[in-house]
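Structure record follows, encoded as structure tokens.
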Amino acid sequence: MSLSKLGNIGKCVRRVDHFAKISDSTWKLMEGLIRFILMWFDRLAHNLLNGGVGGTTGGPEMVVLREVVILWQWRLLMIVVECWRGLVVNGIDQRSLK
Numbered sequence: 257m258s259l260s261k262l263g264n265i266g267k268c269v270r271r272v273d274h275f276a277k278i279s280d281s282t283w284k285l286m287e288g289l290i291r292f293i294l295m296w297f298d299r300l301a302h303n304l305l306n307g308g309v310g311g312t313t314g315g316p317e318m319v320v321l322r323e324v325v326i327l328w329q330w331r332l333l334m335i336v337v338e339c340w341r342g343l344v345v346n347g348i349d350q351r352s353l354k
């Protein structure tokens, strides 16, 4: 992810007036989605590190695969945050202009 994208996320977070207009149910939905993503990837990484469901011991390739899963976990989370930022900023800005 580029630094400019991270800067855009930071600008969005600093715009508290936009976030104040979001309903509590929307916040809870987003929080639940993020928790689900983190728990699912964490469980997948744990299974890969411990040899999976079959109980076989994983070798070095399992450790590498676990690291890849962890990297994708954060990448997917950043995609969700980017989409959320776009919906919040664009949606609220468009409604306030009408």
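With positions in the sequence shown counted from 1, the corresponding number in our numbering is that position plus 256.
C-beta: ideal position from N, C-alpha, C; glycine also.
Just so we're clear, the structure is a prediction, and the values are computed from it rather than from any experiment.
Taking the Cα positions, SER281 is about 14 Å away from TRP340. In this structure, the straight-line span from the alpha carbon of LYS284 to that of LEU294 is close to 15 Å. Its chain contains VAL325 as the residues whose beta carbon lies nearer than 8 Å to that of LEU300, once the 5 sequence neighbours on both sides are disregarded; these appear in chain order.
ARG291 and VAL320 have their C-alpha atoms some 24 Å from each other. In the same chain as GLN329, and ignoring 5 residues on each side of it, the C-beta atoms closer than 8 Å to its own belong to ILE293, LEU294, PHE297, ASP298, ALA301, in chain order.
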